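Participant: So the sequence shown is numbered by the numbering used here: it starts at 515 and just counts up by one.
Pasting in a structure now, in structure tokens, and then I'll have a few things to ask.
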Amino acid sequence: MNVADERSISCWMDRVPVAEAPPLAGDASCDVVVIGSGIAGLSIAYELSRSGRSVIVIDRGKIGGGMTARTTAHLASELDDFYSELIRVRGEDEARLYHDSQVAAVNRIEAICRDEEIEADFARVDGYLFAAEEDHRPDLEEEYDACRSIGVEVEWIDRAPVPGCDTGRALRFPNQGRFHPTKYLAGLAGAIVARGGRLHADTAYVSDQETDDGVEITVEAGHVIRARAAVFATNSPVNDKVAIHTKQAPDRTYVIAGRVPKGSVADALVWDTYDAYHYVRIQPLGGDEDLLIVGGEDHRSGEAEDMEQRLDTLERWTRERYPSFAGAEYRWSGQVLEPIDFMPFSGRNPGSRNIYIHTGDSGQGITNAVAGSLTIFPLIIGEDSRFAPVFDPDRKSLTSTASIGEFVRGQAGVMKNIAEHVGPSELDSEEEIAPGEGAIMRQGLSKVACYRAEDGSIVRRSAVCTHAGCIVHWNGFEKCWDCPCHGSQFAPDGTVLNGPAVKPLAEA
């Protein structure tokens, strides 16, 4: 378990790893190699193995131990960025197709649970969107009209099921869903292995090379996997330095979970209209209790130092609206990649023949990932893929104020970070760094990421992210280094925790 996991434990992590898997011990070959073992990677591997293809799945860490274990697992066909905005960006036809992809994803999860007999607590529930403030009510009116225009099932109700406040009129979206994500991943992993697939944990990708007849993937131990095709499903794509990363920005979101008496909170998905919005659901427990799970308080990755305050604010918001909430037993964070035009990038990697990627899930991580599997799988086997045109990673779309704003926000962060190369130290001296904390210090012309261990010793690494050269920032909640440009995370000793970086921070 890395430092971030020790500090930031979700209510799903008792099922991690979702499958025991050894590191890759030698060269290997297969039809398709999948890099990443979260919901996207295992869903793609499942569809391929079910069709008779030989599959190898590799992961830097534990199988199922990445961002899927940090989700809240809302299975929603409602769009968190609003269909009204998506229509402005992409038009009604593409917005309608996107909605169809989300419905298909929830249906697919339900079918797999049934067919593979996966006990993942899947249930159909209603979703509710309510105005966080009075002046947000016109946004609901606009969203209702947008949804009706593209065939989204939605209706007005007098209030959302939030026991501690009168939300006023709200939108109800029927036939949404919820499940236990790591139980589901465990079921997928078992089904893949049963069909001859191979899973390899602690097997870090290093490089790829396209050949005349496929792809070669080299891992950190030096072994090579030769395949007809490769799929990168690593939250933020580790095989790319520029093409996709200029089209999305990393945000960090926070979640708390605690017990409530069974029946005191409706079994539903609930969202408000703040930016960043709050999102709520329950997870049934045994006996007479449920687990209330609430998220929100998002910010750009690497650009906040008040994580504990954000979690406290989230708990206060929850207590005010859910009086039966006994307090947070779990507190964690996760990373969300926000695409500039509100839809994921899923399909053939720009400039590649046999390499595919899935990324840019926004707040729809589970459904977008499964929709990605329904997109990439047919492309690999040479069939038509209904959703491929709207998810194409090579697409270009900047047609609304909001999408342009998302692009500018992402690139402004990169430009701001470049200026940090010439800035001063964060503290006057290393002596000011408390045990268990980190700070960026200047050493001549270089920036150094300094961490003081609990025994008082200082660990020094270059502060330059090995992905694209940005300056990392200290994450005091998860006790690691975050890159605000593209979302890489590093342990205090510089070891890569999350991509897109594949190399550790250099010695300083």
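Backbone N, C-alpha and C define an ideal beta-carbon position, used for all residues, glycine too.
Every value quoted in this text rests on a predicted model; they were computed, and no experiment measured them.
Report the rounded CA-to-CA distance for Gly579 versus Ser750, giving the unit in angstroms.
Facilitator: Each residue's alpha carbon lies about 15 Å from the other.
Participant: So, does the segment 797-814 touch the segment 704-722, judging by three or more C-beta pairs under 8 Å?
Facilitator: Short answer: they don't touch.
Participant: For the segment 815-832 and the segment 615-627, state whether three or more C-beta atom pairs, one from each stretch, are separated by less than 8 Å.
Facilitator: Touching, no, given that fewer than three Cβ pairs across the two stretches are closer than 8 Å.
Participant: So, with DSSP's three-state summary, where would you put Asp802?
Facilitator: Here Asp802 sits in coil by DSSP.
Participant: Mind checking whether Ser943 and Ala1022 have CB atoms under 9 Å apart?
Facilitator: No. Outside cutoff.
Participant: Roughly how many angstroms separate the alpha carbons of Val904 and Gly865, rounded to a whole number?
Facilitator: Straight-line Cα distance between these residues: approximately 18 Å.
Participant: Three or more C-beta pairs under 8 Å: does that hold for the segment 681-700 against the segment 537-545?
Facilitator: Counting Cβ pairs under 8 Å, fewer than three are found: no touch.
Participant: Could you check which residue in Asn863, Phe891 and Val850 has the C-alpha nearest to that of Ile880?
Facilitator: Of Asn863, Phe891 and Val850, the residue nearest in Cα terms is Val850.
Participant: Leaving out five residues before and five after Lys910 in sequence, what residues of the same chain have Cβ atoms less than 8 Å from its Cβ?
Facilitator: For Lys910, where only same-chain residues beyond five positions count, there are no Cβ hits under 8 Å.
Participant: Between which two residues does the beta strand (DSSP E) carrying Asn621 extend?
Facilitator: Unbroken run through Asn621 is the alpha helix (DSSP H), Tyr597 to Asp629; no beta strand (DSSP E).
Participant: Is Ser524 helix, strand or coil by DSSP?
Facilitator: Coil.
Participant: Between Leu713, Ala618, Asp594 and Cys544, which lies nearest to Glu852 when the distance is taken from Cα to Cα?
Facilitator: That would be Asp594, whose Cα lies nearest to the Cα of Glu852.
Participant: With a cut-off of 8 Å, do at least 3 Cβ pairs link the segment 713-723 to the segment 734-750?
Facilitator: Yes, they touch.
Participant: DSSP beta-bridge partners for Met955?
Facilitator: Paired residue(s): Val962.
Participant: If distances are taken between C-alpha atoms only, which option among Arg867, Leu888, Ile854 and Ile890 comes closest to Ser876?
Facilitator: Comparing Cα-Cα distances from Ser876 to each of Arg867, Leu888, Ile854 and Ile890, the minimum goes to Ile854.
Participant: Val532 to Phe636, Cα distance in whole Å?
Facilitator: Computed Cα separation, rounded: 17 Å.
Participant: Which parts of the segment 678-750 are runs of the alpha helix (DSSP H), unbroken and 4 residues or longer, counting only runs that do not cross its ends?
Facilitator: Those alpha helix (DSSP H) runs which fall completely within the segment 678-750 and span 4+ residues are 695-708.
Participant: Can you look up Ser860 in the DSSP assignment and give me helix, strand or coil?
Facilitator: Strand, per DSSP.
Participant: In this structure, does DSSP put Arg673 in helix, strand or coil?
Facilitator: Note: Arg673 maps to coil in three-state DSSP.
Participant: Please report how far the alpha carbon of Ser615 lies from the alpha carbon of Asn863, in whole angstroms.
Facilitator: So the alpha carbons of these two residues sit roughly 20 Å apart.
Participant: Once DSSP output is grouped into helix, strand and coil, what is the label at Ile947?
Facilitator: Ile947 falls in the coil class under three-state DSSP.
Participant: Apart from the five residues just before and just after Ser778, which ones in its own chain have a Cβ nearer than 6 Å to its Cβ?
Facilitator: Contacts found: Ser838.
Participant: Only counting runs of 4 or more residues, tell me where the alpha helix (DSSP H) segments fall wholly within the segment 785-849, in order along the chain.
Facilitator: You should have 821-835.
Participant: Using the Cα positions of Leu1019 and Gly605, report the straight-line distance between them to the nearest angstrom.
Facilitator: Roughly 43 Å separates the two Cα atoms.
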